[in-house]
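Protein chains in written order, with the working numbering: chain U, 1 to 187; chain D, 188 to 374; chain R, 375 to 561; chain H, 562 to 748. Backbone N, C-alpha and C fix where the C-beta goes; we use that ideal spot for every residue, glycine too. Before any comments, here is the structure.
4 protein chains.
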Amino acid sequence: MPAPQAMRRRILEAAVATLAAEGVSASTAAMAKRAGIAQGSIFHHFESKAGLLNALYLELAEEVRAAVLADIPAAGLREQLLVVWGRWLDWAAEHPARRRSLMLLSLSDVITAESRAGSARNQAAGVELFQRAAAGGPLDGQPIAFLGAVVEGVAYAAMDAIQRDPERAGQYHAAGFAALWNLLRPA
Amino acid sequence: MPAPQAMRRRILEAAVATLAAEGVSASTAAMAKRAGIAQGSIFHHFESKAGLLNALYLELAEEVRAAVLADIPAAGLREQLLVVWGRWLDWAAEHPARRRSLMLLSLSDVITAESRAGSARNQAAGVELFQRAAAGGPLDGQPIAFLGAVVEGVAYAAMDAIQRDPERAGQYHAAGFAALWNLLRPA
Amino acid sequence: MPAPQAMRRRILEAAVATLAAEGVSASTAAMAKRAGIAQGSIFHHFESKAGLLNALYLELAEEVRAAVLADIPAAGLREQLLVVWGRWLDWAAEHPARRRSLMLLSLSDVITAESRAGSARNQAAGVELFQRAAAGGPLDGQPIAFLGAVVEGVAYAAMDAIQRDPERAGQYHAAGFAALWNLLRPA
Amino acid sequence: MPAPQAMRRRILEAAVATLAAEGVSASTAAMAKRAGIAQGSIFHHFESKAGLLNALYLELAEEVRAAVLADIPAAGLREQLLVVWGRWLDWAAEHPARRRSLMLLSLSDVITAESRAGSARNQAAGVELFQRAAAGGPLDGQPIAFLGAVVEGVAYAAMDAIQRDPERAGQYHAAGFAALWNLLRPA
DNA sequence: CATGAATGAGCGTTCATTCAT
DNA sequence: GATGAATGAACGCTCATTCAT
């Protein structure tokens, strides 16, 4: 019973690496090879390629949530957001292949509406923090999906900048957060 | 040769529709079918699928630029940005398939570095406007690529919101712009 | 009326060059391009690709015959054969593309039995010379086709050697002829 | 994996038959059909069509060598050559499709220089026999490639004659050998 | 006649999935 | 379970040939 889960993990890790390297069109054979198993064995653990990719999408989304939202210290709202911001950028910087896979998957049409909804539910707690920060600002009262997308847009811009130019990571981290805070707060 | 350009256009339009409907992995056969021509005929007008997609990418990028940046009225910076913002969201709302295609293409690795550079050059005038608006704000002095990505992130969030919920288009338009202006300006 | 023949010639010359460069699978489009005409124009001068290749085969075969067998001086048999041998090797050395095309065509199955028969008839006079030389030797009385093939085999070996190593052309010329003469004569 | 080699063999046999029947441009689909397998299955056993054809070329070349050069009896040079000559003609007569395939392949440009070199190395022992027989004759001291080509040319002429007119096989066999021996020996 | 765009069958190759071992 | 050979539909692309201009 421990083995099946371990095999599943190995396949998912291999899938991350393969996706990051070759895009969503990476073959299941390439994933199997990277996992060190036979081509056909993947299908003992996942119903289909689509099933595997959806499972991976959910795992990665949950991983981000855990990395970013676990044990947020009791503190002022700005300090809490700063913690979240920092963890988010750090996760992206430390796991570029995972970030790339997650992004490729979220843009691919193999990810079902159900998977997307699950992922969104997952991140609700995080968005809610930003929602509180938006009180009185221009996005006060806007739907969560909109607010979340705005925040995500700014965060992805910072992640891309850091990945492109890691030596100025601190500068992008600080400027990005200042911009985001500005964006949320009343003028 | 009554209209070699007309056939090219028909293929590109069919490609937009097919990409929007089926993703980047849409087959050239599907595009040909939608264009009402034989499969092989595509290759009289484009060297390869990659060539077709790059041409489409450049056309769409130029189309956005023309729609958004043409004849910006002499006015205060805020009014100019508001014009740009409005035209951008309008283009997206009016051409959802084109927007989706452009996004899918820009995330795909068939688009060459050269195409991307051409597109970036194209949009330089627009980004420069935002750069001027950022003076004194948290993104003052940041690289153009970072600033552009932040602005794009906010704009895409607004476009998605409007597409999801067109009845509140005005609200997303106004709140998005206020947030963007806040983000750029000094606290 | 002069023009049609000129165009035909141009196409055949282009076909030779294209065949030599790209093999029998060379496209008619490539030949048309090399001839400086439109793809479709080839089919105003030749019924089909197969028709073109058969015509080329016959032209080349006739060209060899003319180059090798025209005006053979009255002389002893050995001297006559030496003239033929020399002209044959010279033609091959001077027209490698034509030789290669002729060989490719003769091995291809687009050349009909009729074309082959025509070419064989053409060369009968030449083979007859060798037949006379074979009198009393081991091939005396053998069918013309067999005798011709043997002679051809020796000649092609010499041509290949000269093409591979042109500096020793004289040596291959002389040794090849001596071997051929030995082969034909009584022990 | 009951017999991975068996499938490989079946494909190679089907390739021989298909090549002999349709020429080098025979499709892999036709080979698969003749082998009774799916089109795609060929590519589990061979990397590509070119890989398959090169493998076939090497197998056939080795097969000829084994059939012709194995266990040559200790005897006078003439008797040894006669054994080789006989085995060579017999192999060709018994395996016309294999001979035709080998010839088509050797003239095709899908066969790599490496394959050709391997095949040449393979046959060195045979050519060396003819080289010894050439001592004192017109081809004494000529490069192996030239000598080999001459011998091959005479042999192929005999094979063709036998194939065309099997009833006189003995006559072509004897006359061909006499001619070859004459060719090699001093006048 | 010349043109070259259009055709559509066919090519070599890939790949998710199945299944006998 | 694990294996990997087998499948066959699909893919991007080529090409001889046709035909409206």
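Closest in alpha carbon position to Trp85 of chain U, among U:Gly176, U:Val16, U:Ala74, is U:Gly176.
For the segment 519-544 of chain R, the set of residues with a beta-carbon nearer than 9 Å to any beta-carbon of chain H comprises Ala519, Phe520, Leu521, Gly522, Ala523, Val524, Val525, Glu526, Gly527, Val528, Ala529, Tyr530, Ala531, Ala532, Asp534, Ala535, Arg538, Asp539, Arg542, in chain order. Against chain H, a Cβ distance below 8 Å from Gly510 of chain R picks out nothing, because the smallest value is about 11 Å. The segment 298-362 of chain D contains, as complete alpha helix (DSSP H) runs of 4+ residues, the segments 300-309, 311-320, 331-351 (chain order). With a cutoff of 8 Å on beta-carbon distance, His734 of chain H and Leu638 of chain H are scored as not near each other.
Proximity of Ser25 of chain U to chain D, defined by a Cβ-Cβ separation below 8 Å, is satisfied.
For Ile37 of chain U, the secondary structure class from DSSP, reduced to helix, strand or coil, is coil.
With a contact defined as Cβ atoms closer than 8 Å, Ala519 of chain R and Arg725 of chain H qualify at about 7 Å. Setting aside the 5 residues that flank it on each side, Gly500 of chain R is surrounded in the same chain by Leu443, each with a C-beta closer than 6 Å to its C-beta; the list follows chain order. Three or more beta-carbon pairs drawn from the segment 197-204 of chain D and the segment 212-219 of chain D are found closer than 8 Å, and the two stretches are therefore classed as touching.
Contact between Leu503 of chain R and Leu455 of chain R is confirmed by a C-beta separation of about 6 Å, below the 8 Å threshold. Interface with chain H (8 Å Cβ-Cβ cutoff): Asn556 of chain R is included. Under the Cβ criterion of 8 Å, Leu56 of chain U is not counted among the residues facing chain D.
With a threshold of 16 other beta carbon atoms within 10 Å, Pro4 of chain U falls short and is exposed.
The C-beta of Ala178 of chain U comes closer than 8 Å to at least one C-beta of chain D.
Our two residues, Ala587 of chain H and Pro634 of chain H, have alpha carbons roughly 40 Å apart in a direct line.
Taking a Cβ-Cβ threshold of 7 Å, the residues of chain R close to Gln703 of chain H are Ala549, in chain order. When the alpha-carbon of Ala280 of chain D is set against those of D:Gly305, D:Leu291, D:Thr299, D:Ala254, the nearest one is in D:Ala254.
At a cut-off of 8 Å between beta-carbon atoms, Asp277 of chain D makes no contact with chain U. In this structure, Asp71 of chain U keeps its C-beta atom at 8 Å or more from the C-beta atom of Gly210 of chain D. Listed by position along chain U, the residues whose Cβ is nearer than 8 Å to that of Asp296 of chain D are Gly23.
For the pair Ala523 of chain R and Ala636 of chain H, the CB atoms are not nearer than the 8 Å cut-off. The three-state reading of DSSP puts Val84 of chain U in helix, counting H, G and I together. Only those residues of the segment 229-254 of chain D whose C-beta falls short of 8 Å from the nearest C-beta of chain U would be listed, and there are none.
Taking CB atoms only, Leu451 of chain R has no neighbour in chain H less than 8 Å away. Shortest Cα-Cα distance from Ala342 of chain D to any of D:Leu245, D:Ala366, D:Leu199 involves D:Ala366. Counting C-beta pairs with one atom in each stretch, the segment 596-607 of chain H and the segment 660-667 of chain H have fewer than three that are closer than 8 Å, which means they do not touch. Contacts with chain U at 8 Å (Cβ-Cβ) include Leu326 of chain D. For Gly612 of chain H, the enclosing alpha helix (DSSP H) starts and ends at 610-630. When DSSP states are grouped into helix, strand and coil, Pro4 of chain U belongs to the helix group. Taking a C-beta distance under 8 Å as the contact criterion, Leu619 of chain H and Leu573 of chain H do not qualify as a contact pair. One Cα belongs to Ala622 of chain H, the other to Asn683 of chain H, and the distance between them is close to 8 Å. Counting the other CB atoms within 10 Å of its CB gives Pro325 of chain D a total of 16 or more, which places it among the buried residues. When Cβ-Cβ separations below 8 Å define contact, Ala187 of chain U makes contact with chain D.
Listed in chain order, the non-local C-beta contacts of Pro353 of chain D below 8 Å within the same chain comprise Ala280, local neighbours out to five positions each way being set aside.
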